[in-house]
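First up is the structure itself, then whatever we jot down about it.
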Amino acid sequence: MQYWLVLVNYMRNFYELQHNFYELHSNFYKRRCNFAELHVIFMNYIWNLCELHCNFYKRRCNFAELQCNFYELLRNFYELYSNFYELRCNLCELQYNFYELHSNFYERRCNFAELLGDLGELHSNFYERRCNFAELLGDLGELHCNSCELHGNFGGLLCNLRLLDFYANYMIN
139 MQYWLVLVNY
149 MRNFYELQHN
159 FYELHSNFYK
169 RRCNFAELHV
179 IFMNYIWNLC
189 ELHCNFYKRR
199 CNFAELQCNF
209 YELLRNFYEL
219 YSNFYELRCN
229 LCELQYNFYE
239 LHSNFYERRC
249 NFAELLGDLG
259 ELHSNFYERR
269 CNFAELLGDL
279 GELHCNSCEL
289 HGNFGGLLCN
299 LRLLDFYANY
309 MIN
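So the number in my numbering is just where the residue sits in the sequence shown, counting from 1, plus 138.
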């Protein structure tokens, strides 16, 4: 009977040892499972950190793009501003050229009036010489000379009237 008792005791110890071994094995797998869960949580944390990092750089990139667009807009504004002043400068130059053209026109008008005056004087001198020649010819020449002198005075009067008309038009304009 003692043999059976030892055997039962031995079997009981063996089952208890086996039970402890299975419990240890179970605890090992539970811990392994907990470690895997911890690993998943840690990997999720890393993933969230990476996502946060990625979002930060996306926002930084969007801000840089916004800043770039702002500077592009600013550059376009300054280009527009420059074009406006260039246009204004061209307008002033055009106005200056117009006034210069206007001045040249009146200068030519004056020169033409002066030319008319010189032509009248030349005409007068021509008739004066003709008169002197007529005087040399005698009484008939003197009569002719008076007639020519009258004609010359009429030409001078006409020239003066033209000059007067020109100056009147010049003053009106």
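Ideal placement from N, C-alpha and C gives every residue a C-beta, glycine not left out.
Legend entry - Validate contact between the region 255 to 267 and the region 230 to 239 using beta carbons, cut 8 angstroms, 3 pairs: Taking one beta carbon from each stretch, the region 255 to 267 and the region 230 to 239 have fewer than 3 pairs nearer than 8 angstroms; the two do not touch.
Inset, instruction - With DSSP collapsed to three states, give me the class of GLY255. - result: Looking at GLY255 - three-state DSSP - the assignment turns out to be helix.
Inset, instruction - Determine contact between the region 249 to 264 and the region 292 to 304, defined as no fewer than three beta-carbon pairs at a distance below 8 angstroms. - result: Verdict: yes, contact present.
Inset, instruction - Count the other C-beta atoms from every protein chain shown that fall within 10 angstroms of the C-beta of CYS230, then say buried if there are 16 or more, exposed otherwise. - result: With fewer than 16 other Cβ atoms within 10 Å, it is exposed.
Legend entry - Residue from HIS191, ALA251, ASN165 and LYS168 with nearest C-alpha to LEU301: Ranking HIS191, ALA251, ASN165 and LYS168 by Cα distance to LEU301 puts ALA251 first.
Inset, instruction - Pull up the distance between the alpha-carbon of HIS196 and that of ASN228, whole angstroms please. - result: Residue identity check: residue 196 is Lys in the sequence provided, not His. LYS196 and ASN228: Cα-Cα distance of roughly 47 angstroms.
Inset, instruction - Would you decide whether CYS297 is buried or exposed? Buried here means 16 or more other CB atoms lie within 10 Å of its CB. - result: Looking at its Cβ environment, which holds 16 or more other Cβ atoms inside 10 Å, CYS297 is buried.
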